[in-house]
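Scroll down for the structure; my scribbles are underneath it.
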Ligand SMILES: Cc1cc2nc3c(=O)[nH]c(=O)nc-3n(C[C@H](O)[C@H](O)[C@H](O)COP(=O)(O)OP(=O)(O)OC[C@H]3O[C@@H](n4cnc5c(N)ncnc54)[C@H](O)[C@@H]3O)c2cc1C
Ligand code: SF4
């Protein structure tokens, strides 16, 4: 029975958010709260020789300045600093020693009675450095590229598959060839809410920590390991997150600094970062990619080579899946894929919405467009010609793949059949018009998770799991799933998340929360249902005395007999039998690994885009875009559409505007404000349209959902770049396509 | 940010008096630029004198048929003022091309003149900047200079080098309209022609303009001639709205029977001040409206421009923008 699942239910947390009732990490108060201000390093590499704190300490109201010199002893082993998302290597430890590893590194924390005082005192601190030569330029250091170190992370992010067939031979014999280099800049997540932690110092040194994170249990694990505290003394709460995009997958340094200060001073402490400091930790790495494609005259792909080189830090090997998509999307018999890293004096990169996907797929999809143009074949047709129902990397069939339908419906809605295939031949006054399209692909994964379902004495359902809602709509869809599973009116269901005291769920990322936590919520509610049914059977004169679980169903807050729904017992009545106590059940859902292993599981999309380019100025506007998504079952068309729209906007951003620019003189990101780090404004966004094609999948997970967090962004950059080519006749292979590149 | 005190005088003399009396005091108008700079520790005033209550917030016709824009009138109220919209549409458009609605509601006309460069290095205390810290060097010269100047720069001596731009849109229109800035201070009132208000970096890049210590801008006077028939403002930037100009062009023409009687072309985003060359504009006078003439003017206006790597594209972009703006103003082109 689905009364709510599949319906466009408005966000259950919407009112709390727009009325300000929803509190974020930096908004929690405590009577004795102290405020911390982080000082960041000016240099990219070297050592701190002196740090003059005396002037700051003399300011009345300043409580302490923490530096590497007075930091208390902490956990010694690297392992203790590894969070759930730590890549192979040695995690960065704030205030560990005098060494400076990157520009913007936190080197001191000023703690004062007010935020303003802390900030003012920080301006009085002088730091002297021994400066060493740094290397931050990926392009100047490509010769240092090497294979990434393997680690636990490699399980989720497998290295490229072994070569198939003989690429060199097939490519050299191919009548149609494309070889090109694609360059992407670094980007920073820049969620609206800045990173912040409020540590409330409770009796006996227990800590209640309000943290901005995409996984409260991950922050709890980190704090308890680093500071040697038992789990029961560390409670992390993160009920609302003002955007994450991956930046909250790892605990950020303000968490460490706030806990350190609270423990040392035995008082509550809040540390929040500035917008400029939002550029001083994980980012999407800069990359250089080379792609070579060989095809027959009819467009049949025979050879694919895709090589990527990405930056990482000197201390950890961050990796993402960049090149594997080429082997998954197209069934060329000869493929050769490689992925290498160049360590630089920067902070370790970090998963950012569609990590690797929106790097590798756009490059591949631009190259495919170049091939289509050379072969004189319509880009959609070329993709259909090279369609596959098997992932050739793993040589497994897709559990479901309605990409063909995405092409068909997307093209129809867009009016693709009217496309003029000649570059630079459609114009309106000074504007050149072009259409482009591209494919998107992302993993459909599920992990294990736990959830608790409770029927309260007054008949309300409360469900909880320690997951996060970074704005994706988790609160809402979990409420829908719970309501439908137990046949409850949605107003009587409350879903809670973001508390390390709740049953464990993994960090929210990779578009797997709907599948992972949704399955756990479903199982917990089903188990609670079974329990309630058993209790109902034991009631006096129970109409279900002889019924089997299969004979009943849940609806309108009642258990009813299938063959005579009028025979029913209300859930409230059942819980009333429990001696004034609620009835609860905690359950774990584990993916059916055995079954899932037999399939490749992915979500797909196709984007169609129209651009207008001013022929003299090179300014590009995306006037219209359609994205068709094959994402399994859509739990809530409203929140789902929002996810895809947001992804499309970000795709426009990546294609045309967004980049973090390093000045290699100083090894420092320079456009570190939202005035100069450009993301689209309303005026940049015009007509966006989203289609969900029907796709049923019984293998990905019991709910049949695939996750929509990332897929919306992936196809857009290539679709835009391809449209710009058709408009102008110019291939820009370096993103973002700013106006200077089209002059 | 350091501690500061705050006062809100009700008349001009007390405001001026406080400025001379208090060491390190500064005026605050809309605060949209000053407060940002204070938060970044670039400006550290000891005292703020709020000048919003001095009665300088009116727009009035002047005796000669022009218009007086009070220094404390907001950018939004100016842009939407009936007289401005009708007689000085160039100014209205330029203002509305800047910042965002929220900022324009706070930003004042006086403050707009004084807004400081958006150079990334000027804003980042970890890097050298001659404008912020005289003699420390210029981070932008060999750095990321996408938004920087191509004309009238100072790049020979590392202790005085500066390639910053003045970021205003409004000021580009005011330069084209040949507005006059009214100033009052310890030495009494004076009048500064717009072209002399801002300066090139020269050997003193830390000085943005020619105002003297202790002086206050009271108003901006627009001359009677508003060029309301043949004008254009083109702003090119990295997104459609809410971004500073990479290049902007204000054009004001007077045309009769296809002959040009008067011509003004001012450029933004290319120099330390709104860029004009009256001698080049003069070559258009008496000429027929023609694309060839406009091309020649564009070349001559940009003559001598120098790129620093990331901003070299501005040279070509500026030329094309000048031609398009002239065409639009002359109605050879529909306006965007
Ligand atoms: C994100 C952002 C984007 C922006 N985009 C644009 C843009 O695209 N185009 C554009 O043109 N501008 C833009 N602006 C700048 C904006 O126009 C200026 O900040 C504004 O005009 C400044 O006016 P104010 O009244 O707020 O000045 P304040 O910040 O109050 O003052 C600025 C300075 O001027 C001095 N001052 C102010 N009034 C007087 C006076 N009457 N006499 C003497 N000194 C005075 C003050 O002492 C101070 O030093 C942007 C600003 C921001 C923050
Ligand atoms: S261009 Fe001017 S403002 Fe920018 S760093 Fe150089 S001196 Fe400073």
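Residue numbers (my numbering), protein chains in the order written: chain H, 1 to 743; chain R, 744 to 1079. C-beta: ideal position from N, C-alpha, C; glycine also. Only a predicted model underlies this, so the values are computations on that prediction, with no experimental measurement involved.
If we count the other Cβ atoms within 10 Å of its Cβ and call it buried at 16 or more, is residue 593(H) buried or exposed? Residue burial annotation: residue 593(H) is exposed, with fewer than 16 other C-beta atoms found within 10 angstroms of its C-beta.
Nonlocal neighbours in the same chain, by C-beta distance under 7 Å from residue 356(H), ignoring five residues either side: 320, 321, 322
In chain H, what lies closer than 7 Å to residue 754(R) by C-beta? By Cβ distance, chain H contributes nothing, its closest Cβ being about 31 Å from residue 754(R), past 7 Å.
Would you say the beta carbon of residue 987(R) comes nearer than 6 Å to a heavy atom of ligand 1? yes
Secondary structure at residue 760(R), three-state DSSP: helix, strand or coil? helix
Could you check the C-alpha separation between residue 619(H) and residue 218(H) for me, to the nearest Å? 43 Å
Return helix, strand or coil for residue 392(H), following the three-state DSSP convention. coil
Enumerated in chain order, which unbroken segments of the alpha helix (DSSP H) with a length of 4 residues or greater are wholly contained in the stretch 96-145 of chain H? 115-122
Partners in chain H for residue 870(R), counting only beta-carbon separations shorter than 9 Å: 42, 663, 665, 666, 668, 670
For residue 541(H), which of helix, strand or coil comes out of DSSP? Three-state DSSP puts residue 541(H) in coil, outside helix and strand.
Tell me whether the beta-carbon of residue 61(H) lies closer than 7 Å to the beta-carbon of residue 112(H). yes
Boundaries of the alpha helix (DSSP H) in which residue 650(H) is found, first to last residue: 637-656
Interface residues of chain R facing residue 621(H) [CB-CB closer than 9 Å]: Scanning chain R for C-beta atoms nearer than 9 Å to the C-beta of residue 621(H) yields 983, reported in chain order.
Please classify residue 192(H) as buried or exposed, where buried requires at least 16 other C-beta atoms within 10 Å of its C-beta. exposed
May I ask you to verify whether the stretch 1021-1028 of chain R touches the stretch 878-887 of chain R, counting CB pairs closer than 8 Å and requiring at least 3? no
Proximity test, Cβ basis, 7 Å: residue 649(H) and chain R: no
How far does the alpha helix (DSSP H) with residue 368(H) in it reach, from first residue to last? 357-375
Beta-carbon proximity list for residue 157(H), same chain, < 8 Å, skipping 5 on both sides: 319, 320, 321, 356
Listed by chain order, chain R residues near residue 678(H) by CB distance under 8 Å: 981, 982, 986
Comparing C-alpha positions only, which one of 1010(R), 988(R), 853(R), 896(R) sits nearest to residue 874(R)? 896(R)
Which of helix, strand or coil does DSSP assign to residue 255(H)? helix
DSSP on residue 343(H), reduced to helix/strand/coil? strand
Hey, is residue 882(R) close to ligand 2, as in C-beta under 6 Å from one of its heavy atoms? yes
Taking the Cβ atom as the reference point for each residue, do residue 962(R) and residue 822(R) lie within a distance shorter than 7 Å? no
What do you reckon, is the C-beta of residue 857(R) under 6 Å from a heavy atom of ligand 2? no
Beta carbon of residue 874(R): closer than 6 Å to some heavy atom of ligand 2? Correct: residue 874(R) has its Cβ closer than 6 Å to ligand 2.
For residue 735(H), go through chain R and note every residue whose CB falls closer than 8 Å to its CB, in chain order. Here the premise fails: no neighbours, minimum Cβ distance about 13 Å.
Going along the chain, which unbroken runs of the beta strand (DSSP E) with 3 or more residues stay wholly within the stretch 260-331 of chain H? 269-272, 287-295, 301-313
Where residue 101(H) falls, given that 16 or more other Cβ within 10 Å makes a residue buried: The residue in question, residue 101(H), is buried, as its Cβ has 16 or more Cβ neighbours within 10 Å.
Contact residues within the stretch 767-798 of chain R, judged by C-beta distance below 7 Å to chain H: Of all residues in the stretch 767-798 of chain R, only 784 come within less than 7 Å of chain H when Cβ atoms are compared, listed by chain position.
Determine the chain H residues that contact residue 1046(R) at a beta-carbon separation under 7 Å, and present them in chain order. Those within 7 Å of residue 1046(R) in chain H number zero; the least Cβ separation is about 19 Å.
Bridge-paired residues (DSSP) for residue 863(R): In DSSP, residue 863(R) forms no bridge with anything.
Mind checking residue 511(H): buried by the 16 CB within 10 Å criterion, or exposed? buried
So for residue 184(H), helix, strand or coil by DSSP? strand
Residue ranges of each alpha helix (DSSP H) run of no fewer than 4 residues wholly in the stretch 868-949 of chain R, ordered along the chain? 913-920, 937-940
Are residue 453(H) and residue 524(H) touching if we call contact CB-CB under 7 Å? yes
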